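Residue numbers (this note's numbering): 39 to 542.
Note that beta-carbon positions come from the ideal geometry of N, C-alpha and C, so glycine has one too.
These numbers come from a predicted model, not from an experiment.
To start, the structure itself, in structure tokens.
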Amino acid sequence: MANKSVFAAWKGRQPTTNEAGGPAHALAPRHRLAQLAMTGTFGAAFYQDAQTQVTALIEAAQAVEPRFLAQAAIHAREKGQMKDAPALLLAVLSMRDPVLFARAFPRVVTSGRVLRSFVQILRSGQVGRKSLGSRPKAMVQGWLNGASDAQVLWASVGNDPSLADVIRMVHPKPETPERQALYAWVLGKPCDVALLPQALRDLMALRAGGVDLPDVPFQMLTDLDLSPEHWAEVARRGSWQMLRQGLNMLDRKGAFTVPGVAEHVAEVLRHPKGLPYQILATLKALEAKSPVLREALHEALEASTAKVPVVQGSVVVCPDVSGSMMSPVTGHRAGATTSVRCIDVAALVAAAVLRQNPGARVLPFAETVRPLRLEARDTIATNAERLAALGGGGTDCAAPLAALNRAGEAPDLVIFVSDNQSWMGPHQQVTGMMAEWTRLKARNRAAKLVCIDIQPYATTQAPERDDVLNIGGFSDAVFDQVADFAAGRMGPAHWVGQIAAVEI
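Okay, here's the thing in structure tokens:
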């Protein structure tokens with residue numbers, strides 16, 4: 039393959055080793071930051087503990103210019119729907135460029151949950167300071183005073199730090215008597231109850247023996263002895279995300295014994311507003327016996343993958359089903375470990391590609407290709423479950439490409455979903471994956487390779503070039519990037535170029 043632009047793109051990429059000890063290529067500084075920001079959840083992964091992830095992300099944030107750091111934080115929050123990683127990048131940015139920090143802050147800190155994470159990170163000393171500093175303190179004060187009463191109530195749910203801790207740290211000056219009363223309530227201090235939001239007054243009345251249900255976060259109600267009718271009303275008021283997270287709780291509280299509630303919740307769930315893997319997690323954990331709820335989640339999962347592109351030409355998707363992919367996709371976290379594993383996400387992507395492209399081939403792999411017959415007409419959840427059942431073994435990312443080469447096949451698009459921790463096969467200057475890709479390209483010069491990496495590591499098996507896209511994350515935004523790349527709509531800088539185009 040005598041393609042000058044391809045060889046120019048590859049030149050100078052020095053080989054290294056990955057976390058598993060296999061040959062790999064290091065990501066460039068900007069790409070490394072993007073990869074870590076879009077996958078880093080600070081849970082213990084198969085090859086890294088949480089502190090290693092935090093340190094790696096801070097180092098990556100220090101290695102790029104402040105503007106791209108701000109853009110990466112915004113992209114990870116808005117497109118990746120990440121929370122902790124963007125908050126950490128924002129904390130680093132606060133020390134590197136206060137002006138860009140002030141611009142990025144409102145786009146990253148969009149909830150009390152992210153606000154509390156940001157404060158926690160700064161106070162930890164991980165980024166080089168333990169105090170907030172004047173500019174961050176002012177931004178936190180501004181968020182608190184600009185938040186609605188409902189936002190403050192939601193922000194008050196959670197600890198380490200609690201909202202009361204944050205208020206004590208930054209001492210926001212309330213602009214109205216009502217907000218002064220609300221802050222006092224959060225701090226557990228005496229206040230004029232008449233000035234509190236109606237929802238809080240209703241909560242106090244309910245705790246005093248009233249019957250009307252207050253419009254407050256459901257976490258404020260779980261310690262009360264409420265009737266199934268009360269919980270049915272909570273379900274009717276609930277947002278999509280609240281219902282997804284609270285299905286089993288509502289079932290245990292008897293909400294679905296009230297006529298019409300299960301049907302209402304099912305209708306809300308059919309219109310997804312979360313990540314595909316979150317819906318899969320809910321489906322896997324569902325305890326409720328209601329068929330209508332299970333069917334609604336299946337429909338939501340199908341709808342959540344609608345961004346998967348319909349590709350012109352032949353498509354092969356290669357989900358990694360090796361042993362390291364059995365780890366939780368967001369890592370091990372005490373009391374908060376997701377039931378969804380990396381292998382589930384890889385299988386989900388493969389099943390979604392097959393659904394949108396019925397002629398696509400799926401080649402699951404570990405140390406070798408593991409043949410499996412899938413039907414495109416089956417549900418995404420069903421096919422994902424079949425793929426995930428193959429899990430275990432070593433990792434050789436070259437295996438699917440080698441199988442295609444042995445068969446003399448050269449598809450137009452090959453999609454890998456993996457943690458990129460290949461360690462089997464011959465160890466040489468060129469990774470086995472790139473050696474096999476070069477052979478395949480000799481038969482189809484227009485072929486393209488997409489490597490979706492769903493773990494926070496900083497190496498790849500196939501370095502970026504015109505025909506190779508490396509992208510990280512497990513949000514549906516990944517499907518947008520794949521669609522743009524497959525259709526030739528991406529610029530020469532690919533994914534990193536799109537992040538660098540984020541306006542601040």
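Please classify residue i as buried or exposed, where buried requires at least 16 neighbouring CB atoms within 10 angstroms.
| i | result |
| --- | --- |
| Gln91 | buried |
| Asp122 | buried |
| Ser172 | exposed |
| Pro124 | buried |
| Ala334 | buried |
| Asp263 | exposed |
| Asn395 | buried |
| Ser209 | This sequence places His at residue 209; Ser is not what is there. It counts as exposed. |
| Glu213 | exposed |
| Gln73 | buried |
| Ile112 | buried |
| Gly19 | Past the boundaries of the shown model lies residue 19; the chain is included only from 39 to 542, so the question cannot be answered. |
| Glu305 | exposed |
| Ile418 | buried |
| Thr54 | exposed |
| Gly184 | exposed |
| Gln536 | buried |
| His532 | buried |
| Ala524 | buried |
| His268 | buried |
| Ala539 | exposed |
Return the first residue and the last residue of the alpha helix (DSSP H) that residue i is part of.
| i | result |
| --- | --- |
| Leu285 | Trp278 to Arg290 |
| Met418 | In the sequence as displayed, the identity of residue 418 is Ile instead of Met. Looking at the DSSP string, the run of the alpha helix (DSSP H) that includes Ile418 is Ile418 to Ala426. |
| Cys380 | Cys380 to Gln394 |
| Ile492 | First-last for Ile492: undefined, no H or E at that position. |
| Thr320 | Pro314 to Ala323 |
| Trp269 | Pro266 to Arg275 |
| Val330 | Pro329 to Ser342 |
| Ile542 | Where Ile542 is concerned, there is no enclosing alpha helix (DSSP H), given that its DSSP letter is neither H nor E. |
| Pro104 | Pro104 to Glu116 |
| Phe517 | Ala515 to Ala524 |
| Arg308 | Neither: Arg308 is in no alpha helix (DSSP H) and is coded neither H nor E. |
| Leu201 | Leu201 to Val208 |
| Leu238 | Gln236 to Arg245 |
Would you identify the three-state DSSP class for residue i, choosing helix, strand or coil?
| i | result |
| --- | --- |
| Thr148 | coil |
| Thr55 | strand |
| Ala64 | strand |
| Ile509 | strand |
| Lys175 | helix |
| Val468 | coil |
| Pro297 | coil |
| Pro366 | strand |
| Thr433 | coil |
| Val400 | strand |
| Thr214 | coil |
| Thr93 | helix |
| Val195 | coil |
| Val137 | helix |
| Lys486 | strand |
| Thr476 | helix |
| Thr406 | coil |
| Thr498 | strand |
| Gly70 | In the sequence under discussion, the amino acid at residue 70 is Arg, which differs from the Gly named in the question. Helix at Arg70. |
| Arg503 | strand |
| Val349 | coil |
| Val165 | coil |
| Ser460 | coil |
| Met120 | coil |
Could you spell out where the beta strand (DSSP E) holding residue i opens and where it closes?
| i | result |
| --- | --- |
| Phe454 | Leu451 to Ser456 |
| Val354 | Val353 to Pro357 |
Assuming residue i and residue j make a contact with CB atoms under 8 Å, what is their CB distance in whole Å?
| i | j | result |
| --- | --- | --- |
| Ala422 | Leu251 | No, Ala422 and Leu251 are not in contact; Cβ-Cβ is about 38 Å, not under 8 Å. |
| Leu126 | Leu95 | 6 Å |
| Val400 | Val355 | 5 Å |
| Pro235 | Asp187 | 4 Å |
| Val520 | Ile492 | Wrong, their Cβ atoms sit about 13 Å apart, outside the cutoff. |
| Gly431 | Ala388 | Their Cβ separation, rounded to whole angstroms, is 17 Å, which puts Gly431 and Ala388 out of contact at 8 Å. |
| Leu160 | Ala142 | With 8 Å as the limit, Leu160 and Ala142 do not qualify as a contact, their Cβ atoms being about 15 Å apart. |
| Gly369 | Thr93 | Wrong, their Cβ atoms sit about 15 Å apart, outside the cutoff. |
| Pro266 | Val195 | No, Pro266 and Val195 are not in contact; Cβ-Cβ is about 23 Å, not under 8 Å. |
| Ala448 | Glu474 | With 8 Å as the limit, Ala448 and Glu474 do not qualify as a contact, their Cβ atoms being about 11 Å apart. |
| Ala385 | Ala436 | Contact doesn't hold; Cβ gap of about 20 Å is too wide. |
| Val299 | Arg274 | 7 Å |
| Met207 | Val249 | Actually they are not in contact, since the Cβ atoms of Met207 and Val249 sit about 38 Å apart, beyond 8 Å. |
Under 7 Å between C-beta atoms, does residue i make it to chain C?
| i | result |
| --- | --- |
| Thr417 | Chain labels in this structure do not include chain C; a single protein chain is all it has. |
At a cut-off of 6 Å, is residue i close to the ligand MN when judged by its beta-carbon and the heavy atoms of the ligand?
| i | result |
| --- | --- |
| Ala72 | With respect to small molecules bound, the structure shown includes none, and the ligand MN cannot be examined in it. |
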